[in-house]
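Trainee: A single structure is presented below for examination.
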Amino acid sequence: MQQRTRTRAHEVADLGQAIWLDYIRRAFIRSGELGRALEQGVRGVTSNPTIFEKAIAGSADYDDDLRRFVDEGRSVGEIYEELVLDDIRTTADLLHPLYESTRGEDGYVSLEVSPTLARDTHGTIAEGRRLFAALGRQNVMIKVPATPEGLPAITALLGEGVNVNVTLLFSLAHYEAVAEAYLAGLEELAGTGGDLGGVASVASFFVSRVDAAVDRELEATGHTGLMGRAAVANARAAYARFREVFSGPRWENLASRQGRPQRPLWASTGVKNPDYPDTLYVDALIGPDTVNTVPLATLQAFLDHGTAAETIDSDLEAARADLERLAEAGVDL
């Protein structure tokens, strides 16, 4: 049997972090490229409406199906959903062996509820429930935004055993509310005799977008020495809080029933500033019980010249000092 070639993604997995791929397209799936990415150490896939819009509108991959659905008189919404669900199911099936071998820790593909439901709790619950059932795959996560209306939907879906990828997290205060929603969801599931070990969740912190927004403020106010520091400091502080939340009696009670910690997921990890190293938001945020979902270009860059070393909690005091200096400069994360 041919021995698997180890990559930096495999080394990162040894350190407790899963690299997921923030990219999906039909030709990428069917050509075997996704399979090769899994062989290189990718352990999950995330998607969003923008990724699908680019895939469908920017390629000929879907043209035959599009023509057929139009001829059948389907609506635009029906056509979009049919195309998306097909790609998600196929991806879930490719990931299923990994889901099995990791006992449900990895091997997930995420699908987002409609952005139009961001302020609709009941609509989000119904949509998440419907999509999860329509896909019929246990290794699917439903992406739900962490809006005030999304938080009770997160709890409700988890309480029904639906895997949830909580998205659009930017601050520590935001994270506190999301962690509470997750714990409450597990408690609801436990209260109905559900299988806590059969449900999983991640909390997706947006990284590069924090620096992109903060750097503009810093440049405008002349605090250029702090540019490029907010995102990593914010993520490291969030990780420290994650370690605190998932300890103590409340969590230990859920863990004793096979509950899984809700792992922090670093999202938006492709650099926006070309002056920054292209693997910055991977290299600086590696540590146990975390996920990093990377664009295809960032994955290729990391496999080529990234650094696989535990860095997430290497200098928490420096991260906190950076956040204090940012606050003094007028930036309140």
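Numbering (our numbering), first residue to last: -7 to 325. Virtual Cβ for every residue (Gly too), placed ideally from N, Cα, C.
(1) My output table needs one value for Ala259: the three-state DSSP class, helix, strand or coil.
(2) What's the C-alpha gap between Gly36 and Gly214?
(3) Leaving out five residues on either side along the sequence, give the residues of the same chain with a beta carbon under 6 Å from the beta carbon of Ala225.
(4) Is the beta carbon of Tyr167 closer than 7 Å to that of Tyr247?
(5) Mind the definition here: the region 128 to 135 touches the region 78 to 91 only if three or more C-beta pairs lie below 8 Å; say whether that holds.
(6) Can you list, in chain order, the residues of its chain with a C-beta nearer than 7 Å to that of Ser106? Leave out the 5 residues immediately preceding and following it.
(7) Classify Pro253 as buried or exposed, calling it buried when 16 or more other Cβ atoms lie within 10 Å of its own Cβ.
(8) Is it true that the CB of Phe198 sits closer than 7 Å to the CB of Ala259?
(9) Between which two residues does the beta strand (DSSP E) holding Ser34 run?
(10) Do you know offhand how far Ala1's Cα is from Gly27's?
(11) Would a C-beta distance cut-off of 7 Å place Ile134 and Leu123 closer than the cut-off?
(12) Quick one, are the C-beta atoms of Phe44 and Val68 less than 7 Å apart?
(13) Expressed to the nearest angstrom, what Euclidean distance is found between the alpha-carbon atoms of Gln(-6) and His114?
(14) Can you grab the Cα-Cα spacing for the pair Ala148 / Leu325, in whole Å?
(15) Sort Ala205, Leu277, Leu90 by Cα distance to Leu308 and report the nearest one.
(16) Please list the terminal residues of the continuous beta strand (DSSP E) segment that includes Ser196.
(17) Whole angstroms are fine: how far does the CA of Glu236 sit from the CA of Arg242?
(18) Taking the alpha-carbon of Glu73 as reference, which of Lys264, Tyr54, Glu3 has the nearest alpha-carbon?
(19) Give me whichever residues DSSP pairs with Trp243 in a beta bridge.
(20) Residues bridged to Pro137 by DSSP?
(21) Determine, using beta carbons only, whether Gly279 and Ile304 come nearer to each other than 7 Å.
(22) Should Ala10 and Asp98 be called a contact, given that it needs their Cβ atoms to be closer than 7 Å?
(23) At which residues does the beta strand (DSSP E) containing Asn226 begin and terminate?
(24) Quick one: which unbroken beta strand (DSSP E) runs of 3-plus residues sit fully inside the region 245 to 311? Chain order, please.
(25) Between Leu58, Tyr273, Gln250, Glu302, which has its C-alpha nearest Asp203's C-alpha?
(26) Quick check: what's the CA-CA separation for Leu318 versus Leu160?
(27) By a C-beta neighbour count over all protein chains shown, 10 Å radius and 16 as the cutoff for buried, is Asn157 buried or exposed?
(28) Look at Val170 and Ala138 and say whether their C-beta atoms are less than 7 Å apart.
(29) Can you check DSSP and say which residues form a bridge with Leu103?
Mentor: The answer reads as follows:
(1) Reading the sequence shown from its first residue, position 267 is the one you call residue 259. Ala259: strand per DSSP, three-state reduction.
(2) Numbered from 1 along the sequence shown, position 44 holds the residue referred to as residue 36. Numbered from 1 along the sequence shown, position 222 holds the residue referred to as residue 214. For Gly36 and Gly214, the distance between alpha carbons rounds to 41 Å.
(3) Reading the sequence shown from its first residue, position 233 is the one you call residue 225. Closer than 6 Å at Cβ, skipping near neighbours: Ala311, Asp314, Leu315.
(4) For this step, residue 247 is matched to residue 255 along the sequence shown. For this step, residue 167 is matched to residue 175 along the sequence shown. A quick correction: the sequence has Ala, not Tyr, at residue 247. The answer is no: Cβ separation not under 7 Å.
(5) yes
(6) By 1-based counting over the sequence shown, the position of residue 106 is 114. Excluding sequence neighbours, Ser106 sits near Glu119.
(7) Sequence index remark: in the sequence shown, residue 253 carries index 261 (1-based). Under the 10 Å beta carbon count, Pro253 is surrounded by 16 or more other beta carbons and is classified as buried.
(8) Start at 1 with the first residue of the sequence shown, and residue 259 comes out as number 267. Start at 1 with the first residue of the sequence shown, and residue 198 comes out as number 206. For Ala259 and Phe198, yes; Cβs fall inside 7 Å.
(9) On the sequence shown, position 42 is the one that residue 34 refers to. In the sequence as displayed, the identity of residue 34 is Val instead of Ser. Where Val34 is concerned, there is no enclosing beta strand (DSSP E), given that its DSSP letter is neither H nor E.
(10) On the sequence shown, position 9 is the one that residue 1 refers to. On the sequence shown, position 35 is the one that residue 27 refers to. Taking the straight line from one Cα to the other gives about 14 Å.
(11) On the sequence shown, residue 134 is found 142 positions in, with the first residue counted as 1. On the sequence shown, residue 123 is found 131 positions in, with the first residue counted as 1. Yes; because the gap between Cβ atoms is below 7 Å, this pair is in contact.
(12) Taking the first residue of the sequence shown as 1, we reach residue 44 at position 52. Taking the first residue of the sequence shown as 1, we reach residue 68 at position 76. Not a contact, by the Cβ cut-off of 7 Å.
(13) Taking the sequence shown and counting its residues from 1, one reaches residue -6 at position 2. Taking the sequence shown and counting its residues from 1, one reaches residue 114 at position 122. Residue placement at Gln(-6) is poorly supported in this model, since its pLDDT is 49, which falls under 50; the coordinates still yield a value, given next. Looking at the two C-alpha atoms, the distance is approximately 51 Å.
(14) On the sequence shown, position 156 is the one that residue 148 refers to. On the sequence shown, position 333 is the one that residue 325 refers to. Cα-Cα distance, rounded: 28 Å.
(15) Sequence index remark: in the sequence shown, residue 308 carries index 316 (1-based). Measuring from the Cα of Leu308, the nearest candidate turns out to be Leu277.
(16) Mapped onto the sequence shown, residue 196 falls at position 204. In the DSSP assignment, Ser196 falls within the unbroken beta strand (DSSP E) covering 193 to 198.
(17) Mapped onto the sequence shown, residue 242 falls at position 250. Mapped onto the sequence shown, residue 236 falls at position 244. So the alpha carbons of these two residues sit roughly 11 Å apart.
(18) To locate residue 73, count along the sequence shown from 1; it is residue 81. The alpha carbon of Glu73 has as its nearest neighbour, out of Lys264, Tyr54, Glu3, the alpha carbon of Tyr54.
(19) Position 251 of the sequence shown holds residue 243. Bridge partners of Trp243: none, in fact.
(20) Position 145 of the sequence shown holds residue 137. Partner residues in the beta bridge of Pro137, as assigned by DSSP, are Thr159.
(21) Residue numbering aside, residue 279 sits at position 287 when the sequence shown is read from its first letter. Residue numbering aside, residue 304 sits at position 312 when the sequence shown is read from its first letter. Result yes, Cβ atoms of Gly279 and Ile304 sit closer than 7 Å.
(22) On the sequence shown, position 18 is the one that residue 10 refers to. On the sequence shown, position 106 is the one that residue 98 refers to. In contact: Ala10 and Asp98 (Cβ atoms closer than 7 Å).
(23) In the sequence shown, residue 226 corresponds to position 234, counting from 1. Element bounds for Asn226: not the beta strand (DSSP E) but the alpha helix (DSSP H), 222 to 237.
(24) 255 to 259, 282 to 286
(25) Locating residue 203 in the sequence shown gives position 211, where the first residue counts as 1. The residue with the shortest Cα to Cα distance from Asp203 is Tyr273.
(26) One-based indexing of the sequence shown puts residue 318 at position 326. One-based indexing of the sequence shown puts residue 160 at position 168. Between Leu318 and Leu160, the C-alpha separation is close to 21 Å.
(27) As a first step, residue 157 is located in the sequence shown; it is residue number 165 there, counting from the start. That one is buried.
(28) Position 178 of the sequence shown, counted from the start, is the residue given in the question as residue 170. Position 146 of the sequence shown, counted from the start, is the residue given in the question as residue 138. A contact, by the Cβ cut-off of 7 Å.
(29) Position 111 of the sequence shown, counting from 1, holds the residue named residue 103. Paired residues: Ile134.
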